[in-house]
Each structure stands twice: as structure tokens, then as C-alpha cells.
Ligand SMILES: Nc1ncnc2c1ncn2[C@@H]1O[C@H](COP(=O)(O)OP(=O)(O)OP(=O)(O)O)[C@@H](O)[C@H]1O
Ligand SMILES: [Mg+2]
């Protein structure tokens with residue numbers, strides 16, 4: 003018997019998140035340990051019928067583990083998965099009403115596109131006429147009708163991935179889990195496939211749990227994002243909530259670009275930082291003496307018109323088509339990123355600038 007680790011000790015304490023919310027898919031205190039490694043801290047979460055939920059987080063944060071627990075490929079150390087109000091603990095993978103799509107779509111190389119897509123229906127013993135009609139409808143849905151007779155090796159990466167999607171959607175599981183399904187594709191194709199997946203989602207009405215570590219992909223595709231870090235759920239919310247109201251410095255830093263100022267709370271409405279005293283958002287109160295303020299690049303303005311300001315020297319101007327970003331070095335060398343407004347003059351490299359923000363455009367995070 004191995005010695006109890008600190009992870010074991012916390013797991014035996016009463017679980018805090020006991021929230022039992024109704025939903026298509028509910029996880030309650032679900033956790034996974036591999037020996038001394040905690041792959042997922044006991045976590046709770048509810049996914050609504052037809053929702054597109056994205057698990058987003060850095061490598062090793064527990065995203066794949068959570069998917070594996072939901073579909074039953076891996077046995078939970080604690081907690082449970084509930085689908086349509088029924089505990090799935092005793093239900094084997096193939097009997098759960100779940101479809102899976104992974105990054106390395108293992109298509110059968112000796113079967114044609116149509117035969118690959120027919121496979122899950124045949125496995126389920128569906129009659130031949132139903133197989134034929136479903137396969138042709140699904141081929142149309144993923145725009146592959148003209149390639150039905152080809153073998154996987156005769157397809158591009160994007161086409162192969164569409165076959166993998168079709169093979170999942172064809173048997174109409176009510177929940178679909180996707181683990182970085184676009185990870186192997188180039189940027190252009192990725193963006194195209196994002197739109198395809200959103201369309202399939204709309205047309206099928208399926209509940210989707212989607213894994214990515216690409217924050218732009220998560221923002222663009224999701225009804226809600228479940229941000230994960232260190233085997234825990236860091237924040238759960240709509241893309242807008244997480245972007246505009248990050249709860250922690252990690253969330254602010256991981257999603258979008260953030261300027262982060264750490265300082266000491268003055269006990270009132272301001273914090274003292276290495277770059278000056280900054281007013282907190284109206285009504286904001288700090289949890290402790292140490293406080294962290296986040297300001298997005300689009301909320302900084304050139305000039306000292308606002309209630310807070312910092313000085314810097316321009317080190318980089320990045321023209322990105324639809325916007326121009328300025329990166330400046332603050333006095334201690336740390337970077338400041340601001341997005342220019344349409345009327346702003348583009349400053350020169352090495353020019354000294356003042357960047358300001360109105361107090362309510364900043365977010366106080368934990
Ligand atoms: N079978 C296993 N045995 C031991 N440790 C494991 C096992 N599977 C996962 N882990 C560990 O659990 C943690 C979470 O892994 P997981 O695969 O869920 O991360 P992830 O968020 O999917 O990362 P990535 O973005 O790299 O795919 C990692 O520290 C990993 O090393
Ligand atoms: Mg993974």
C-alpha cells in the first residue's frame with residue numbers, strides 16, 4: 003500500500019463543490035489520480051443539452067483526463083458522471099451515448115470513405131437500408147459526397163478529419179467529445195474546420211465537449227469555456243465573461259493579451275505598484291494586501307487623459323491588418339502592450355509615450 007500523498011488527504015475531505023445542477027451531462031466531484039500524480043482534482047460541472055463547451059488550458063492541465071473520465075475510457079478515482087440524470091459509473095464506454103473524435107483520427111486504411119462512415123452503424127447492427135441513407139446524408143453534411151469511394155490515403159488531412167467527424171456524427175450520439183480534433187491541421191484549414199464543426203453542431207443539436215489549447219479557437223467556437231490549470235477548473239464562463247472578467251491572473255494571461263500590475267492595496271481605492279499608484283475599479287475591494295490589476299491592450303490609450311497612467315518607451319510596433327499594436331518597455335523593462343485606436347498616430351520606435359486607462363476599464367483579479 004503506497005503512502006498517502008497530500009492529494010489523497012485532500013480527496014478524503016468533504017468535497018466543496020457539491021452543486022448538483024440539472025444538465026445533459028453533469029460531473030460531480032470527479033477526480034483522477036495516477037499514484038502520486040493528480041491528473042484531475044475533484045471537479046464539478048454541468049453541461050446543458052445542446053451546449054458547446056470547450057475545455058481550454060495548458061499542456062498537462064487535465065483536459066484529456068476529463069474527457070476520458072466522461073466517456074469511461076479511464077476509471078475515476080472519485081466522483082461520478084451523470085448523463086440524462088443517470089449515473090454512468092457502471093456503464094461501459096460503448097454503451098454510453100457518446101461519440102469521440104481525436105486529433106489522430108484512426109480511419110480504417112483498407113475501407114473507403116463511405117465504408118469508414120458506415121462502420122459505426124454496422125457495428126450497431128442497423129439495417130442495410132438505414133446504413134445507406136444515413137451514410138449518404140452524412141457524406142453530404144461534411145461535403146464529401148464526391149469522395150465516397152476513395153481510401154483514406156487518397157485524402158488530404160482536412161478531408162480525413164472530415165471523415166472522422168462524419169464517422170462520429172453518423173450514428174447521432176447525443177454527446178460528442180472532441181480532443182484537439184484540429185491540432186494536426188494548418189491555420190487556414192483549422193479556421194475552415196472550426197466553422198464546419200459549428201455548423202455540424204447546430205444541425206445535429208448534439209452536446210459537445212471540445213478540447214483545445216488554442217484560446218482563439220475556444221473564444222470563437224464555444225458557448226462556454228471551462229478554463230483548466232494544474233488539474234483544476236480555474237474559471238467557467240462564456241467567452242465574453244472570461245475575457246472581460248477574468249478571475250485570476252492566470253485566466254487573464256492565458257486568454258488574450260493582458261497587462262498585469264501587481265501591487266499593495268492601500269486599504270482604500272488604489273494599489274501601489276512599481277509603476278505608480280493606480281485607482282481600482284469603482285467599488286472594487288481586495289481580498290488581501292497583495293492585489294493584481296489587469297488591463298487589456300484595447301483599454302489603454304495614448305496620452306495622459308485618464309485617471310491612471312504609465313510611462314514607457316516604444317520597443318515594437320506590430321501592424322496586424324485590422325489593428326496595430328504597440329509594445330513599450332516600462333521603466334523597469336517590463337512590457338506594456340496597447341492596441342491603437344483608429345484615430346491614434348502610430349508612435350515611432352524609441353519614442354517615449356504615456357499610456358492611460360480609466361479605472362473602470364481595469365479588472366481586479368485574485
Ligand atoms: N496514464 C497516465 N499515467 C500517469 N499520469 C498520467 C496519465 N495520463 C495523464 N497523466 C498525467 O495527468 C496530467 C494531466 O494529463 P492530461 O493528458 O489530462 O493533460 P492535457 O490537459 O490533456 O494536456 P495536453 O494539452 O498536453 O494534451 C499530466 O500531468 C499527465 O502527465
Ligand atoms: Mg490532452
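In our numbering, the protein residues as written are 3 to 368.
Glycine residues also receive a C-beta, built at the ideal position from the N, C-alpha and C atoms.
Since this is a predicted model, take the numbers as computed values, not measurements.
For residue 214, the residue or residues it bridges with in DSSP: 58
Whole alpha helix (DSSP H) elements within the segment 149 to 217, 4-residue minimum: 159 to 171 and 189 to 206
Contiguous alpha helix (DSSP H) assignments of at least 4 residues, all confined to the segment 214 to 238: 217 to 223
Outcome for residue 197 when other beta-carbon atoms lying within 10 angstroms are tallied against a minimum of 16: Residue 197 counts as exposed, since fewer than 16 other beta carbons sit within 10 angstroms of its beta carbon.
Helix, strand or coil at residue 257 according to DSSP, with G and I counted as helix: coil
Contact test: residue 145 Cβ vs ligand 1 heavy atom, cutoff 7 Å: Every heavy atom of ligand 1 is 7 Å or more from the Cβ of residue 145, so no.
Segment limits, beta strand (DSSP E) that includes residue 357: 354 to 359
Supposed contact pair residue 258 and residue 298 - C-beta distance, whole angstroms, cut 8 Å: 7 Å
Own chain, CB closer than 8 Å to residue 33, minus 5 neighbours either side, in chain order: 13, 40, 42, 43, 44, 45, 78, 79, 80 and 81
Interface flag, residue 322 vs chain B, CB-CB below 8 Å: Among the chains of the structure shown, chain B does not appear; only one protein chain is present.
For residue 448, the nearest candidate out of 279, 159 and 356 (CA to CA): One cannot answer for residue 448 here, as it falls past the ends of the chain, which runs 3 to 368.
8 Å Cβ cutoff met for residue 154 and residue 102: No, the pair does not count as a contact, with Cβ atoms beyond the cut-off.
Alpha-carbon spacing of residue 277 relative to residue 333, whole angstroms: 8 Å
Nearest candidate by alpha-carbon position, reference residue 171, set 206, 66 and 368: 206
Beta-carbon spacing of residue 366, residue 293 below 8 Å: yes
Three-state secondary structure assigned by DSSP to residue 275: Strand, per DSSP.
DSSP-derived helix/strand/coil call for residue 15: Confidence at residue 15 is low in this model, with a pLDDT of 39, below 50, so the placement of that residue is unreliable and no value is reported for it.
C-alpha gap between residue 129 and residue 168, whole angstroms: 19 Å
Where the alpha helix (DSSP H) through residue 133 begins and ends: It spans 130 to 143 - the alpha helix (DSSP H) in which residue 133 sits, taken as one unbroken run.
Assigned exposure category for residue 212 - 16 Cβ within 10 Å defines buried: buried
Nonlocal neighbours in the same chain, by C-beta distance under 8 Å from residue 114, ignoring five residues either side: 150, 151, 152 and 153
As assigned by DSSP and simplified to three states, the class of residue 362: helix
Residue 39 beta carbon near ligand 1 (any heavy atom closer than 7 Å): yes
Residue 50 versus residue 146: straight-line alpha-carbon distance, rounded: 31 Å
Three-state secondary structure assigned by DSSP to residue 76: Residue state, collapsed to three classes: coil.
C-alpha distance - residue 52 paired with residue 368, whole-angstrom precision: C-alpha separation (whole angstroms): 32 Å.
Proximity to residue 330 [Cα-Cα], best of 345, 313, 360 and 240: Among 345, 313, 360 and 240, the Cα nearest to that of residue 330 belongs to 313.
Contact under 8 Å by Cβ, residue 358 with residue 307: yes
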